[in-house]
Every structure is written in C-alpha cells, then in structure tokens.
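Peer 1: Take a look at this one; I'll ask things after.
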Amino acid sequence: MDKNTFLLQDTEAFMRGELDNVTVAGGSIVLDLVQGSYVPYGCYTSAPIPMPLFDALWPSWNAATPPGTAVETQVRVLVDGNWTAWMAFGKWSLYLKREGAAPRERGPLQLMPDCLLLDSKCATQVQLRIYLYSKNEKATPAVHLLGATVRMVDVIPSGGRPVNRTLHLMPYLQKRRAPVLAPWMDLAISLASLTNRWGADILPEEFAQALRDWRKPDGCDCRNLGFAAAAAGSWGFPAWLCWGGLNILRDEMRKGYGAVVALQATPAEKEHGLPDRRFAAVRGFVAGASAPQVLLCDPWADGTDFDAETAMPLDDFLVAWDNVALLMRRRLEEQPAWAPTHGSAWIRPVGTDAPGIYRLYVNGEEHPIPDDFCALGGLLAWTTPDDHPHATTAHRSFHFVEPEAGGIRLESGETPCKYTVYLIDTSGCMLVGDVTV
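At position 99 of the sequence shown the residue is numbered 101 (my numbering), and the sequence of numbers has no breaks.
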C-alpha cells in the first residue's frame with residue numbers, strides 16, 4: 003500500500019484500535035453481544051496514523067448493514083501539533099435515505115460530502131473512528147474495511163513504469179440507463195464495469211440506488227465517492243479510495259485490476275455535450291513512444307454499449323484526472339449474506355378488472371406496487387428478449403415505467419412475448435420475474 007493510503011481490514015489490524023461496546027469477530031468490527039442481544043451502539047477508534055504532510059483526505063469504509071443498522075465514519079487530523087474536532091461523513095446504510103456530510107467550514111477545515119480539505123494549513127496525522135448503530139437487538143452492522151487516503155503536499159505523483167495491458171471490463175452507456183438516476187449513473191456504471199467482469203451481473207441501477215446520496219442540492223457534486231466504495235463493499239467487493247499518480251493505475255493494471263476515475267472535461271468536450279466532470283473505468287494502457295494511451299470504459303460515449311470502450315491520449319488523461327481513484331478487489335464469495343437481496347417473483351395478470359395489468363407475487367402472496375413507488379425513488383422496468391444473447395443482463399434493452407393499479411402494464415402483441423420485470427427499491431434490493439404475454 004502507498005505510504006499515503008492506510009487500510010484496516012483484518013482481525014490483527016482492527017485489534018490495534020480502541021474498542022468501545024464493539025468487538026472484532028470473523029475479521030470484522032461488530033457490536034458487543036450482551037445476554038443474547040446486541041447493544042444499540044458502539045464505537046471503534048483507530049490508533050493515530052502518521053502520514054506524509056497533506057492538505058486533503060478521503061475516507062473509505064466497507065460494512066454490512068442489515069435492516070435497522072447503520073455505520074458512521076468520522077476523521078480528525080493533527081494540525082500544528084493539535085488534533086482537530088471529529089468530522090463526520092454521514093450515516094451509511096443500504097436501508098437509509100443516506101446523506102453525505104453537508105459542506106461546512108471549521109477553522110482551516112473544509113468538510114465536503116466525501117472528503118476533508120485543509121485551507122492554508124497542512125496535517126501530519128490521521129485518526130479514524132466509526133460508530134455502529136442498531137435498532138434491532140438481533141442484528142449488528144459489520145465493518146470489513148476502514149481506511150483513508152491523503153493528498154500529499156509538495157509531492158509530484160509518480161508515473162511508474164509503462165505497461166501494455168487491456169482488461170475486458172463490461173461497457174455500458176449512460177443514455178441507456180434509468181433517466182431518473184442520470185446525475186450519478188456514470189459512477190454506478192463504472193462500478194458495474196469492474197464487478198461484472200467477474201460474473202457478478204449487477205445492474206448499474208442496483209449500484210445507483212445503493213450509492214445514492216440523498217442530501218439536498220448544496221452546490222457540491224451529488225456523486226459521493228465514499229458512498230460508492232461502501233456500495234461496492236455491500237456486494238462483497240473490497241473497495242477503497244486512493245490518491246496518487248499514474249503509478250497506482252499502472253500497478254493495478256499489472257495485477258489485473260481496473261479502477262474508477264473522475265475526469266474533467268475540456269471546453270471542446272463540453273461543447274459536445276460532456277459534463278464538467280464525469281466518471282469512467284480504466285481498462286488498460288497502450289504504451290508506445292509515439293502516442294501512449296489510456297483505455298477507458300466511458301459511459302458518456304456515443305453509439306452502443308460496446309462503443310463505451312474508448313481510448314484517451316495519456317497526456318490528455320493526466321490533465322483531466324484529479325489523481326483520486328476508486329480501487330477494487332474480487333469478492334471472496336459469490337453473493338455474501340449481507341448483500342442487497344435479489345429475489346424472484348411470479349408475474350400474474352389481474353384479469354378482466356384491469357386488462358393488461360400484471361402484478362407480482364412473492365412466496366404465493368400478492369406483492370402490490372405502491373402508486374408512489376417510483377416517486378419515492380424506486381425503479382420499475384421490463385425487458386423482452388433481444389435478437390441475440392448478451393454478456394450481462396444490463397446489456398439488454400430496459401424500458402423504465404411507472405406502476406399502474408398496483409402492478410405493471412405489459413402490452414400483448416400478435417404473437418406471445420416473454421417479458422422480464424424488474425422492481426428495484428432504494429436499497430438496491432431487486433425482485434425479478436418472467437411472464438409470457
């Protein structure tokens with residue numbers, strides 16, 4: 003690990019910290035169990051972490067958060083020999099309308115939704131703290147990873163050794179995804195590009211729901227990198243943020259890993275419709291004396307999904323990139339118990355009372371879709387078979403619709419047609435069912 007990035011992610015590392023109403027079990031931090039019930043809250047505090055002189059910090063955490071539980075990451079830094087106040091980055095849970103930190107200033111500190119900036123000052127140490135909460139005495143959150151990365155002062159990020167390698171990530175286009183989630187969809191797509199190369203078959207919409215930052219507009223980017231790393235962790239993929247140079251991306255590529263990066267658009271790119279800042283997945287490098295290039299899966303490309311596989315001149319990439327990357331590792335088990343659920347539903351017609359309307363049934367019981375399901379943030383969609391098979395479900399053509407009469411309207415044609423229906427709630431949990439109409 004680079005000297006400016008620090009990760010805690012196993013029993014031995016966690017045991018070096020201070021445990022208050024929490025314990026370390028199975029390599030994770032969990033709430034204490036007292037007479038068969040979990041305590042309602044607890045806190046883990048790391049030992050002070052020496053860092054190179056820095057002026058910005060990004061925290062990372064991965065945690066299982068069953069319904070009724072949450073975690074909250076806090077940091078403080080050592081400035082001029084004194085510890086600052088603790089700064090919190092918002093409660094995190096799949097099952098909350100989670101909100102990142104509201105932007106505010108406190109002395110030299112500028113708290114942003116997913117990072118801490120220092121104005122006119124520099125820090126030399128970091129301390130991490132994470133609170134665990136539970137409203138259910140039979141459930142506890144479980145913290146698998148806790149970390150921080152800092153932007154070093156007066157250090158030119160290393161370029162590292164050139165590498166020639168291409169990874170086969172899964173490409174998806176922003177314009178083919180759910181329009182209502184568009185403001186943060188490129189970040190979700192970039193996560194799916196990384197995870198789905200390992201056979202995960204997660205829809206970008208599932209990630210978009212799980213990483214959504216529900217805070218009100220405040221002038222900051224609504225895409226929260228800390229929440230994105232936590233969302234990937236919710237499906238069992240260890241993920242964290244890292245500040246550094248091209249050497250980090252090249253080293254990741256040598257090991258066979260991609261990365262998620264943010265790119266600043268040029269005036270010419272903005273004229274062509276690109277946003278000021280966009281997220282993409284790095285899938286490789288072409289090293290050459292004449293024109294070295296960075297290979298991307300860029301959700302903002304034109305054309306079909308596979309046109310998202312683009313290349314960018316290395317010099318242009320270095321100008322556009324802010325030196326922060328989200329890194330990820332392959333998960334150890336196919337579908338961890340704590341991951342958002344992916345359930346099956348029967349789809350049945352309502353009948354003559356509501357022609358063309360189909361409702362979902364789960365475990366034999368009707369599962370009506372509330373009229374305001376989509377208005378409150380949920381997603382309802384259908385697909386039909388395309389003329390050729392796809393590498394992942396997300397490559398199918400999705401049609402996003404509103405619920406009707408507690409169900410979904412599916413049109414019949416001259417010949418029978420198989421529909422697949424998808425119901426995704428704000429936690430990223432999904433129900434899927436097939437019906438032939």
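Using N, Cα and C, we set each Cβ at its ideal position, and we do this for glycine too.
Using only alpha-carbon positions, find the residue among A327, H369 and A90 that is nearest to A347.
Peer 2: H369
Peer 1: Between L183 and A210, how many whole angstroms is the CB-CB distance? I'm expecting something under 8 Å.
Peer 2: Beta-carbon to beta-carbon, L183 and A210 are separated by about 4 Å, close enough to satisfy the 8 Å threshold.
Peer 1: S48 to T168, Cα distance in whole Å?
Peer 2: 38 Å
Peer 1: Measure the beta-carbon distance from L328 to A261 and round it to whole angstroms, keeping in mind my assumption that it falls under 8 Å.
Peer 2: 7 Å
Peer 1: When the Cα of R18 is compared with those of L148, S399, S195 and K99, which residue comes out closest?
Peer 2: L148
Peer 1: Could you tell me which residues DSSP pairs with S136 in its beta bridges?
Peer 2: T71
Peer 1: My assumption, with CB atoms under 8 Å, is that R203 sits in contact with T75. Please give the rounded CB distance.
Peer 2: Before going on, a small fix: residue 203 reads as Asp here, not Arg. Not a contact, Cβ separation roughly 29 Å.
Peer 1: Would you tell me roughly how many angstroms separate the C-alpha atoms of P418 and V437, rounded to the nearest one?
Peer 2: 10 Å
Peer 1: Less than 8 Å separating the beta-carbons of R100 and D215?
Peer 2: yes
Peer 1: Can you tell me whether DSSP reads K99 as helix, strand or coil?
Peer 2: Coil, per DSSP.
Peer 1: Which residue's Cα is closest to the Cα of T71: L248, V81 and V145?
Peer 2: V145
Peer 1: Which two residues bound the contiguous beta strand (DSSP E) that contains D187?
Peer 2: Note that residue 187 is Met in the sequence shown, not Asp. Premise fails: M187 lies in the alpha helix (DSSP H), A184 to T197, not in any beta strand (DSSP E).
Peer 1: Between which two residues does the beta strand (DSSP E) harbouring V352 extend?
Peer 2: Segment: none, V352 is in no beta strand (DSSP E) and carries neither H nor E.
Peer 1: Any idea what DSSP makes of D359, helix, strand or coil?
Peer 2: With the sequence shown as reference, residue 359 is identified as Ile, and Asp is not the correct amino acid for it. In this structure, I359 counts as strand in the three-state DSSP scheme.
Peer 1: If you scan the stretch 12-80 from start to end, which runs of the alpha helix (DSSP H) of 4 or more residues do you find wholly inside it?
Peer 2: 13-16
Peer 1: Got a sec? Which residues, its chain only, sit under 7 Å from G435 by beta carbon, not counting five neighbours each side?
Peer 2: S346, A347, W348, I349, L362 and V423
Peer 1: Where does H401 sit, in a helix, a strand or coil, going by DSSP?
Peer 2: strand
Peer 1: For S39, does the count of other Cβ atoms within 10 angstroms reach 16, so buried, or fall short, so exposed?
Peer 2: exposed
Peer 1: Taking only runs of the alpha helix (DSSP H) that begin and end inside the stretch 228-281, which ones reach a length of at least 4 residues, in chain order?
Peer 2: The stretch 228-281 contains these whole alpha helix (DSSP H) runs: 248-257 and 269-273.
Peer 1: What is the residue span of the alpha helix (DSSP H) that Q211 lies within?
Peer 2: Residue range P206 to L213 is occupied by the alpha helix (DSSP H) that includes Q211.
Peer 1: So, for N249: in the same chain, excluding its five sequence neighbours on each side, which residues have a beta-carbon less than 7 Å away from its beta-carbon?
Peer 2: S160, G161 and G162
Peer 1: Please determine if the stretch 126-138 and the stretch 263-277 are in contact, where contact requires at least 3 C-beta pairs separated by less than 8 Å.
Peer 2: Put simply, the stretch 126-138 does not touch the stretch 263-277. Fewer than three CB pairs are less than 8 Å apart.
Peer 1: For my contact list, V263 and W323 are in at a C-beta cut-off of 8 Å; report their separation, rounded to the angstrom.
Peer 2: 6 Å
Peer 1: What do you reckon, are the CB atoms on L243 and L227 nearer than 8 Å?
Peer 2: yes
Peer 1: CB F402 to CB P206, shorter than 8 Å?
Peer 2: no
Peer 1: Please go through the same chain and pick out, in chain order, the residues whose beta-carbon is closer than 6 Å to the beta-carbon of P115, but skip the five residues on each side of it.
Peer 2: Counting only Cβ-Cβ distances below 6 Å, and skipping sequence neighbours, we find G102, A103, C222 and N226.
Peer 1: Could I get the ranges of all uninterrupted beta strand (DSSP E) runs contained in the stretch 273-330, with 3 residues as the minimum, in chain order?
Peer 2: 279-288, 295-299, 311-315 and 323-330
Peer 1: Name the residue from D373, L297, W340 and P372 whose alpha carbon lies nearest to the alpha carbon of L96.
Peer 2: W340
Peer 1: Quick one: Cα of P405 to Cα of P372, how far?
Peer 2: Between P405 and P372, the alpha-carbon positions lie close to 7 Å from each other.
Peer 1: Within 10 angstroms of its Cβ, does I158 collect 16 or more other Cβ (buried), or is it exposed?
Peer 2: exposed
Peer 1: Please check the pair L113 and L120, which I expect to be a contact at CB under 8 Å, by giving their CB distance rounded to whole angstroms.
Peer 2: That belief does not hold up - the Cβ atoms of L113 and L120 are roughly 11 Å apart, past 8 Å.
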